[in-house]
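Numbers given in my numbering equal positions in the first sequence, counted from 1, plus 347.
Glycine is no exception: its CB is placed at the ideal position from the N, C-alpha and C atoms.
Quick caveat, the model's predicted, so the values are computed rather than measured.
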Amino acid sequence: MNKQEAAAAFRDLAFFLELAEDTPLRIRTYAHASKTIAQSVDGFEKQAMTGHLRHLAGIGKEAEEAIATFYRTGQLPLLEELRHRFPPTLLELKAIPGLGVKRIKALYDELGVDSAVSLAQACEHNRIALLKGFGPKIQENILDGLEYIRSFQGLRLLNRVYETSCPLREYMAKAPGLWRLDLTGSLRRGRELVRNIDLLACAEKPDAVIEWFLAYPGKTEVRGRDASRASMLLELAIPADLRIVPPEEYPFALAHFTGSNVHNQALRTRAEARGLKLTEHGLFQENGTPLACRDEVALYAALGLPYIPPELRENMGELALKRTPELVSMRDFRGLIHCHTTYSDGLNSIVEMASAAQGKGYHYIVITDHSQSAVYANGMTPARVLEQRSEIDAINRTLTDFQIIQGIESDIREDGSLDYEPEILAKFEVVLASIHTSHEMPADAMTRRLLKAIQNPYTNAIAHPTGRLLLSRKGYSFNFDKVFQACAAHRVAIEINANCRRLDLDWRYLQHAKSRGVKFMVGPDAHSLERLDGVSYGIGMARKGALGPKDLLNSMEKEELLAWCKAKRP
DNA sequence: GCCGTTTTCGGCCCGACTGTTTTCAGTCG
């Protein structure tokens, strides 16, 4: 019997006893027994088997017997009994910072949360923010905790790694004798999930730059170094790796370490077909003579290719491009579509959201609070809709060069209908439809549900169309092609939700949808001022999907957007 | 439940911190 396993059994026992509201002191006894076992030395097991543990502090009759039983039989009858009484998956929740037994019990009793998966779902429905004794901050912390746990598997959400990389890059820019520094790897390619921060540099004295790198105040651990490389851990155990190469190799190393592997492989094959050899060190002729390239543009040109932006380097057809595509950027964005306010589950008022958006240079904001059936999100009754309309009208009268547009994020019911009568839907200038309930439908039922929502004459866009939550929930299954075709036929845009837990629709499907004639919109899905800038992650996904400004509703000025939305109405 | 006896029951770890609530509960180290 491994003592770690034994200690874990007693720890679990203490946990379940507390859930069962046993006496605090008995709980403490078993928790203490767990610690005693974990810290025990050689010979403990023998003593335990023979039931001679009373000499140890805090081990009395009951604990001694339980430990003896466990070492003899491998079982704890009391624990087995409690495991039948409570779902064993409740134990997963203990690992989440900020969740103790009291809160776990409350979540279990009040919301039926019994695993990490159902906890993530409860957060997604905002049910924890609204639970007595909890709140938005605790919900946020729980979501962070869930992500943190999964971070041990190595993949993290893009925003977390990107935000960690920014201060590091600012710091590195001041490194002594630094000539050049670039992000590489999947972070440079803007992938939705990223493992680490990869940096490439070239410098007068590589040693000095490596010293500087490892002296970064944000590091938690140095993992290793040599003459040209160094690796360390940052907050949340995010690895940061630096590699230094000679200037003449820089463009080749930059391309190589940006990847992806499959893109690199395709480039090498292309080089070989031209009698060239491409490596991370250079591009060589058959006789070994290197071909100099001053930058990546020159490198791609040497292979007869237009410059391929890092986002597209996924070997998804980019080598067939005849010229560098125009990718959408922040500069093309005229308005923010899909924002929440205190009218439903947002944290800021309409006027706060609007003035922040105007301050950032946008020309309009489309407020889309939750609809009435989204009770968990404080969805708006028809009366509240009218109230919001008059508030928006009043604020708009005070604004110049900016407009607040009243939209709605209307729930798609199980039968595919939207949850307001047409008279109410007609009052909104922009209608987003989205699914928040009954995710677990069979694919053809879900397809029918979505098709009906798309056919609704008031629907302008389908928000977060697959409902996936990165690192915690797969999207629902449906027939993508049928949905894309219906969207094109009924003038319904598809959202690229910019929330980094969603980034939904997945960029991999954007070209498929576009080929069917679908338009898109990037939605920050902002529930607070801080999240308005998160729209940039959605733009990143649109770029990965090779979308240009004309593919997105956000590039439209407000008049054009309103006309586009209105044109299909009865 | 365990301990330590003034031998048969009274006492047992708490302060910082966070978030919710508005004076406190829960978690964590």
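In its own chain, which residues sit with a C-beta less than 7 Å from the C-beta of residue i, not counting the 5 before and 5 after it?
i: residue 512; result: 530, 534, 544
i: residue 726; result: 691, 717, 718, 719, 720
i: residue 688; result: 695, 696, 697, 700, 714, 716
i: residue 629; result: 596, 599, 637
i: residue 904; result: 681, 710
i: residue 336; result: No answer is possible for residue 336: the residues shown for the chain start at 348 and end at 917.
i: residue 878; result: 871
Could you pull out every residue in the same chain whose Cβ sits closer than 8 Å to the Cβ of residue i, ignoring the five residues on either side in sequence?
i: residue 552; result: 523, 524
i: residue 397; result: 415
i: residue 382; result: 354
i: residue 776; result: 713, 752, 753, 754, 909, 912, 913
i: residue 841; result: 808, 809, 812, 831, 834, 852, 860, 865, 866, 867, 868
Return the residue from the list the options that minimises the CA-CA distance to residue i.
i: residue 605; options: 657, 783, 744; result: 657
i: residue 490; options: 480, 502, 475, 501; result: 475
i: residue 532; options: 586, 481, 519; result: 586
i: residue 409; options: 434, 438, 375, 385; result: 375
i: residue 918; options: 435, 563, 870, 710; result: No answer is possible for residue 918: the residues shown for the chain start at 348 and end at 917.
i: residue 473; options: 444, 874, 759; result: 874
i: residue 389; options: 350, 424, 368, 405; result: 350
i: residue 460; options: 728, 435, 483; result: 435
i: residue 835; options: 825, 822, 823, 859; result: 859
i: residue 574; options: 484, 566, 557; result: 557
i: residue 492; options: 443, 479, 592, 450; result: 443
i: residue 833; options: 810, 850, 853, 865; result: 865
i: residue 724; options: 471, 406, 432; result: 471
i: residue 539; options: 917, 900, 905, 892; result: 892
i: residue 450; options: 480, 424, 467; result: 480
i: residue 433; options: 617, 455, 482, 867; result: 455
i: residue 310; options: 536, 581, 542, 669; result: Because the chain spans 348 through 917 in this model, residue 310 falls outside it and cannot be assessed.
i: residue 438; options: 362, 405, 420; result: 362
i: residue 679; options: 896, 425, 738; result: 896
i: residue 549; options: 577, 594, 508, 906; result: 594
i: residue 608; options: 619, 623, 591, 627; result: 627
i: residue 759; options: 898, 800, 559; result: 800
Going straight from the alpha carbon of residue i to that of residue j, what length do you get?
i: residue 366; j: residue 359; result: 11 Å
i: residue 370; j: residue 446; result: 20 Å
i: residue 817; j: residue 848; result: 5 Å
i: residue 345; j: residue 526; result: Residue 345 lies beyond the residue range present for the chain, which begins at 348 and ends at 917; the question has no answer from this structure.
i: residue 803; j: residue 764; result: 8 Å
i: residue 827; j: residue 704; result: 33 Å
i: residue 693; j: residue 672; result: 37 Å
i: residue 520; j: residue 554; result: 15 Å
i: residue 785; j: residue 823; result: 10 Å
i: residue 655; j: residue 664; result: 11 Å
i: residue 386; j: residue 423; result: 20 Å
i: residue 742; j: residue 748; result: 13 Å
i: residue 791; j: residue 815; result: 18 Å
i: residue 659; j: residue 601; result: 15 Å
i: residue 579; j: residue 649; result: 36 Å
i: residue 894; j: residue 857; result: 8 Å
i: residue 506; j: residue 675; result: 19 Å
i: residue 404; j: residue 448; result: 25 Å
i: residue 639; j: residue 510; result: 35 Å
i: residue 428; j: residue 464; result: 24 Å
i: residue 440; j: residue 462; result: 6 Å
i: residue 419; j: residue 352; result: 14 Å
Between residue i and the rest of its own chain, which residues show a CB-CB distance below 6 Å, the 5 nearest in sequence each way excluded?
i: residue 613; result: 662, 666
i: residue 872; result: 685, 844, 846
i: residue 830; result: 797
With DSSP as the reference, identify every bridge partner of residue i, one or two as the case may be.
i: residue 715; result: 754
i: residue 632; result: 623
i: residue 527; result: 549
i: residue 293; result: Outside the shown range of the chain, which is 348 to 917, sits residue 293, and nothing can be said about it.
i: residue 868; result: 842
i: residue 571; result: 578
i: residue 727; result: 718
i: residue 809; result: 780, 841
i: residue 503; result: 541
i: residue 893; result: In DSSP, residue 893 forms no bridge with anything.
i: residue 442; result: Note: residue 442 sits in no beta bridge, so no partner.
i: residue 637; result: 631
i: residue 914; result: DSSP lists no partner for residue 914.
i: residue 873; result: 686
i: residue 851; result: 844
Those runs of the beta strand (DSSP E) which lie wholly inside the segment 380-416 and span at least 3 residues = Qualifying beta strand (DSSP E) stretches: none in this window.
What alpha helix (DSSP H) runs, 4 residues minimum, are completely inside the segment 748-804?
-> Counting whole runs of 4 or more residues, the segment 748-804 contains the alpha helix (DSSP H) stretches 769-772, 790-802.
Taking only runs of the beta strand (DSSP E) that begin and end inside the segment 652-707, which ones reach a length of at least 3 residues, in chain order?
-> 682-686
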